[in-house]
Amino acid sequence: MQKRLLLVEDEPNITQAIGYLLAREGWNVDTHPDGGSAYNAVLAKKPDVLVLDVMLPNKTGFEVLAEVRKNADFKDLPILMLTALGQKKDREKAEGLGATEYMIKPFSNAVLISTLEQLYIETRQHSLLNHPS
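Take 1 as the starting number for the sequence shown in my numbering and just add one per residue.
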């Protein structure tokens, strides 16, 4: 089964680079450029992992994160905040809203891949423990 990732990012160069990188690693990557409709994209795509930029048009990644976490269906969805905002207060805000991980741009490709793989594995293990077949 292919791992599904939704990347909410408004910078085309970053979207293209991450999409290419993760596709090589076996991920099916959907992208969405707008914070205002990102929640609807999460509902439609039902990703295994969500990657959110913070600075998005129409709604911040923080707002999208809060919206996603209000839906019980997504309480266990791993969410990586991938942002240029590196201050402690930004990280704490993301964690307080329910982000699983917080990574600052620029990032290492290897660290991004290993973080996403770990999030995917942990979610699969949690799901198997709570819903054995």
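For every residue, glycine included, the Cβ atom is placed at its ideal position computed from N, Cα and C.
Given the structure is predicted, the values throughout are model-derived calculations rather than measurements.
Using only CA atoms, which one of the options lies nearest to residue i?
i, options, result
"Phe62", "Gly35, Pro47, Ala41", "Gly35"
"Arg24", "Ala110, Leu119, Gln118", "Ala110"
"Ile113", "Asp90, Gly98, Leu82", "Leu82"
"Pro33", "Leu21, Val8, Trp27, Tyr20", "Val8"
"Thr115", "Leu22, Gln16, Met55, Ala72", "Leu22"
"Gln125", "Leu5, Lys70, Lys89, Asp76", "Asp76"
"Leu119", "Gly19, Ser37, Pro47, Asp10", "Pro47"
"Phe107", "Gly86, Lys45, Ile121", "Gly86"
"Asp10", "Thr60, Met103, Glu117", "Thr60"
"Ala41", "Phe74, Glu117, Ile18", "Phe74"
"Ser141", "Asn13, Asn58, Thr15", "Because the chain is modelled from 1 through 133, residue 141 falls outside the range shown and cannot be assessed."
Residues in its own chain within less than 7 Å of residue i by CB, not counting five upstream and five downstream?
i, result
"Glu67", "Tyr39"
By Cβ distance below 8 Å, which residues in the same chain neighbour residue i in space, the five residues on each side in sequence not counted?
i, result
"Leu65", "Leu52, Ile79, Met81, Ala94, Leu97, Gly98, Ala99"
"Gly26", "Gln2, Lys3"
"Thr15", "Leu7, Glu9, Thr31, Pro33"
Return helix, strand or coil for residue i, following the three-state DSSP convention.
i, result
"Thr60", "coil"
"Glu25", "coil"
"Lys46", "coil"
"Asp53", "coil"
"Lys75", "coil"
"Asp30", "strand"
"Leu65", "helix"
"Thr100", "coil"
Contact defined as beta carbons within less than 8 Å: I believe residue i pairs with residue j. What is the distance between those atoms, to the nearest angstrom?
i, j, result
"Val54", "Asp90", "7 Å"
"Leu6", "Leu50", "5 Å"
Please go through the same chain and pick out, in chain order, the residues whose beta-carbon is closer than 6 Å to the beta-carbon of residue i, but skip the five residues on each side of it.
i, result
"Ala84", "Lys105"
Quick check: is the beta carbon of residue i nearer than 9 Å to any beta carbon in chain D?
i, result
"Asn40", "The structure shown contains no chain D; it holds only a single protein chain."
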